[in-house]
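Report on the structure given below.
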Amino acid sequence: MNYLAHVYLSGESDEVMIGNFIGDSVKGKQYLNYPADIQKGILVHRQIDSFTDSHPLVKQCSACFIPAYGRYSGIVTDVIFDHFLARYWQGWSDDTLSGFARRVHTVLLSNFTRLPIEVKRFLPFLIRHRRLESYAGFEGIRETLRVMGKRTSLPDESDRAVQILCEEFFLLKAGFNAFFPELIGFVERTFAIQIKRPC
């Protein structure tokens, strides 16, 4: 899962959210340098990634992107799943997406000195471009993947990814809708985190 899903799956704890957000930037036992609830968030992040990467539904969705992305197709699927979470946000949260994003921004900025250096570098960009909210639109997904293609080893196939998203939209949406409740249940059971959802 990508940033939006990770912070959503943190429940109500600000510190768990911080850990879940920075999880990719904290390697090995470095997590032990953080307070207990941030440590928990980092471990939640790692378990979310493991659960997601090994899930048959995710692998089925990732197969759609193999022609364009090869072994990086799972990374693209993470971003695409954030698209479905953002696009249909009202089905997963009583808060608005913009309100939730503001809360995330406030928490991260209030704890800026505790963030790893690479997170400090991209956080202003994420906030300025309203990246969490932008996942809801095709152009936001295109831009996210384009930036990733410039800054990482991910191939720059953003136009092709959006084309595949449009062509396989209902298959990918069905995969997400079947998978995401399983992931929520896994996080809630494993870490005793309550994810508030609409009644």
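Residue numbers (our numbering): 61 to 259.
Where a beta carbon is used, it is the ideal one built from N, C-alpha and C, also for glycine.
Query: Cβ-Cβ distance between Ile126 and Ile98 below 8 Å; Result: no
Query: Cβ-based burial, Ala196 [other Cβ within 10 Å; buried from 16]; Result: buried
Query: Contact test: Arg211 Cβ vs the ligand NAD heavy atom, cutoff 7 Å; Result: The ligand content of the structure shown is nil, which means the ligand NAD is not present either.
Query: Pair within 8 Å by beta-carbon distance, Leu64 and Asp138; Result: no
Query: C-beta atoms of Cys124 and Leu205 nearer than 8 Å; Result: no
Query: Exposure of Gly101, with buried meaning 16 or more beta-carbon neighbours within 10 Å; Result: buried
Query: Own chain, CB closer than 7 Å to Tyr132, minus 5 neighbours either side, in chain order; Result: Leu214, Pro215
Query: Complete alpha helix (DSSP H) runs within the stretch 101-188 (minimum length 4 residues, chain order); Result: 116-122, 126-129, 133-147, 157-170, 177-188
Query: Cβ pair Ile255, Leu103 closer than 8 Å; Result: no
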